[in-house]
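Take any residue in the sequence shown, note its place counting from 1, add 1340, and you have its number in the working numbering. Below: one structure, written as structure tokens.
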Amino acid sequence: MGRRKKKRVQPKRIVRKIPKVFMCPHCSKQSLRVSVNSKPSDEYAVAEAVCGECGFCARFKVPKLSQPVDAYGKLIDLYDSFQGDIEAEIRAGKCIGELDGSREAGKENESERLSQREEE
Ligand SMILES: [Zn+2]
1341 MGRRKKKRVQ PKRIVRKIPK VFMCPHCSKQ SLRVSVNSKP SDEYAVAEAV CGECGFCARF
1401 KVPKLSQPVD AYGKLIDLYD SFQGDIEAEI RAGKCIGELD GSREAGKENE SERLSQREEE
């Protein structure tokens, strides 16, 4: 009791959510920002990749604790296997990937909830 607290030293925490920048698979510019966010309640994390140059965007699930570089690898696969017109998606402001607006019927609207997350 009455123990005086020493001056609190605040340990500098390394912020993990810094978006990393990669090469955009669409315009080949080094301006694709990839970030991975997860909520404790979900069993997966959500990766988001947005190109500041051409507007390319992808949003998809990745295993928890994935690093942006892991997500980037998956993004490249997604891009390669994408069947639609990416230009049209970009113009429409849409993201490709599992978590774009294309909801499967009967599934809960999880993508909607996730897209409403604000940037911290
Ligand atoms: Zn781009």
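Don't be surprised by glycine CBs; every beta carbon is placed ideally from N, CA and C. Only a predicted model underlies this, so the values are computations on that prediction, with no experimental measurement involved.
Alpha-carbon to alpha-carbon, GLN1350 and ALA1392: Stepping through the sequence shown from its first residue, residue 1392 is reached at position 52. Stepping through the sequence shown from its first residue, residue 1350 is reached at position 10. For the record, residue 1392 in the displayed sequence is Gly; it is not Ala. Their Cα atoms are separated by approximately 35 Å.
Heavy atom of ligand 1 within 7 Å of PHE1362 beta-carbon: One-based indexing of the sequence shown puts residue 1362 at position 22. PHE1362: no, Cβ never under 7 Å from ligand 1.
Residues of its chain near PHE1362, where Cβ-Cβ distance is below 7 Å and the 5 sequence neighbours each way are ignored: Counted from its first residue, the sequence shown places residue 1362 at position 22. Around PHE1362: LEU1372, VAL1374, TYR1412.
Backbone CA spacing between SER1368 and LYS1352 [nearest angstrom]: Translated into the one-based positions of the sequence shown, residue 1368 becomes position 28. Translated into the one-based positions of the sequence shown, residue 1352 becomes position 12. About 35 Å.
Contacts around SER1381, its chain only, beta-carbon distance under 6 Å, and the 5 residues preceding and following it disregarded: The sequence position of residue 1381 within the sequence shown is 41, counting from 1. No residues qualify anywhere along the chain.
Heavy atom of ligand 1 within 7 Å of CYS1435 beta-carbon: Translated into positions along the sequence shown, residue 1435 becomes position 95. CYS1435 Cβ: outside cutoff for every heavy atom of ligand 1.
CYS1397 beta carbon near ligand 1 (any heavy atom closer than 7 Å): On the sequence shown, position 57 is the one that residue 1397 refers to. No, ligand 1 has no heavy atom inside 7 Å of this Cβ.
beta-carbon LEU1372 near ligand 1 non-hydrogen atom, thresh 7 Å: Locating residue 1372 in the sequence shown gives position 32, where the first residue counts as 1. Inclusion of LEU1372 in the 7 Å shell around ligand 1 follows from its C-beta lying nearer than that to a non-hydrogen atom of the ligand.
Continuous alpha helix (DSSP H) stretch holding LEU1418: start and end: Locating residue 1418 in the sequence shown gives position 78, counting from the first residue. Where LEU1418 is concerned, the enclosing alpha helix (DSSP H) stretches over 1408-1421.
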